[in-house]
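Numbering (my numbering), first residue to last: 625 to 895.
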């Protein structure tokens with residue numbers, strides 16, 4: 625990879641650009657700002673909602689679209705690009721799935737949201753910390769009573785056993801265009817549309833900036849990055865990622881997310 629080429633650099637946040645304390649190091653901030661000044665396009669591509677990405681976007685002084693919810697929403701915060709996208713789930717489908725989960729006694733808690741509302745049946749500090757419930761209208765109770773809009777997310781904490789995972793897959797398989805993604809190291813799963821992914825949106829943004837696919841470099845560390853790292857010509861797995869990601873990515877960083885793994889890789893490879 626050569627620095628005199630124009631690149632699209634797609635960055636996951638948690639476990640990738642962010643340290644475990646959820647901060648970006650000053651070294652990373654200044655280097656990424658430099659890449660942007662050199663006419664590269666740096667895109668945040670995350671499972672987080674827009675509101676939980678904006679602070680980092682502003683720190684890095686980016687001017688590109690943001691990919692949120694693993695591609696289910698894309699938004700531009702400035703005039704450099706007017707590209708936007710949002711895909712919702714039909715609330716009727718969510719309620720059907722909830723009914724089946726309850727019938728199988730494998731559901732512990734649930735959360736759905738839009739840009740303005742969060743629906744939960746129980747308190748969940750882990751999800752609230754990740755999705756930032758501050759300044760959101762939070763509705764708590766039985767989803768059958770409170771879910772009054774089509775949400776952009778549906779996340780479930782469940783009793784995690786191999787048998788229950790198969791039950792969940794079978795429940796979701798009824799819907800041809802919807803799939804399930806289990807979170808690594810946590811007993812949660814989320815729904816996603818089969819045709820929507822981080823990498824599909826990365827490709828669309830690259831076209832808007834006339835960047836060839838061979839000049840896309842994408843970083844990730846988790847299950848929601850598998851598709852990206854498998855398809856991207858310059859897919860980079862973090863060294864702290866599970867083996868499955870390192871096996872499919874073209875590259876692996878030499879340093880983890882707590883030791884500037886992203887920018888150390890870029891400095892070594894963008895000559």
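Here a beta-carbon is modelled for each residue, glycine too, at the ideal position from N, C-alpha and C.
Considering only residues of the same chain and omitting the five flanking positions on each side of residue 787, which have a CB-CB separation below 8 angstroms? On the chain shown, residue 787 is found 163 positions in, with the first residue counted as 1. Taken in chain order, the list of residues that qualify is empty.
Secondary structure of residue 830, DSSP reduced to three states: By one-based count along the chain shown, residue 830 stands at place 206. Helix.
Between the segment 645-664 and the segment 825-833, do three or more beta carbon pairs fall short of 8 angstroms? no
Just how far apart, CA to CA, sit residue 857 and residue 771? Walking along the chain shown from the start, residue 857 turns up at place 233. Walking along the chain shown from the start, residue 771 turns up at place 147. For residue 857 and residue 771, the distance between alpha carbons rounds to 41 angstroms.
For residue 896 and residue 658, I'd like the C-alpha separation in whole angstroms. The requested residue 896 is not part of the displayed model; the chain covers only 625 to 895.
Taking the continuous alpha helix (DSSP H) assigned at residue 843, which residues delimit it? Start at 1 with the first residue of the chain shown, and residue 843 comes out as number 219. Residue 843 -> not in any alpha helix (DSSP H); beta strand (DSSP E) instead, spanning 840-844.
Going by DSSP in three states, residue 672 sits in which element: helix, strand or coil? In the chain shown, the residue the question calls residue 672 occupies position 48. Coil, per DSSP.
Put residue 876 into one of helix, strand or coil per three-state DSSP. What you label residue 876 is simply residue 252 of the chain shown in a count that begins at 1. Strand, per DSSP.
Contacts around residue 761, its chain only, beta-carbon distance under 8 angstroms, and the 5 residues preceding and following it disregarded: Taking the first residue of the chain shown as position 1, residue 761 is located at position 137. Cβ neighbours of residue 761 beyond the five flanking positions: 740, 741, 742.
Counted within 10 angstroms of its Cβ, other Cβ atoms place residue 877 as buried (16 or more) or exposed: Walking along the chain shown from the start, residue 877 turns up at place 253. Buried.
Taking the C-alpha atoms as reference points, what is the distance between residue 732 and residue 781? Residue numbering aside, residue 732 sits at position 108 when the chain shown is read from its first letter. Residue numbering aside, residue 781 sits at position 157 when the chain shown is read from its first letter. If you take the alpha carbons of residue 732 and residue 781, they lie about 5 angstroms apart.
Kindly list the residues whose CB is nearer than 7 angstroms to the CB of residue 697, restricted to its own chain and excluding five residues on each side of it in sequence; keep chain order. To locate residue 697, count along the chain shown from 1; it is residue 73. For residue 697, where only same-chain residues beyond five positions count, the Cβ hits under 7 angstroms are 674, 709, 710, 776.
Rounded C-alpha distance that separates residue 839 from residue 750: Residue 839 sits at position 215 when you count from the first residue of the chain shown. Residue 750 sits at position 126 when you count from the first residue of the chain shown. Their backbone Cα atoms lie some 36 angstroms apart in a straight line.
Roughly how many whole angstroms lie between the Cα atoms of residue 869 and residue 849? One-based indexing of the chain shown puts residue 869 at position 245. One-based indexing of the chain shown puts residue 849 at position 225. Approximately 8 angstroms between the Cα atoms of the pair.
Is DSSP giving residue 758 helix, strand or coil here? In the chain shown, counting from the first residue as 1, residue 758 sits at position 134. Of the three classes helix, strand and coil, the one that applies to residue 758 here is coil, per DSSP.
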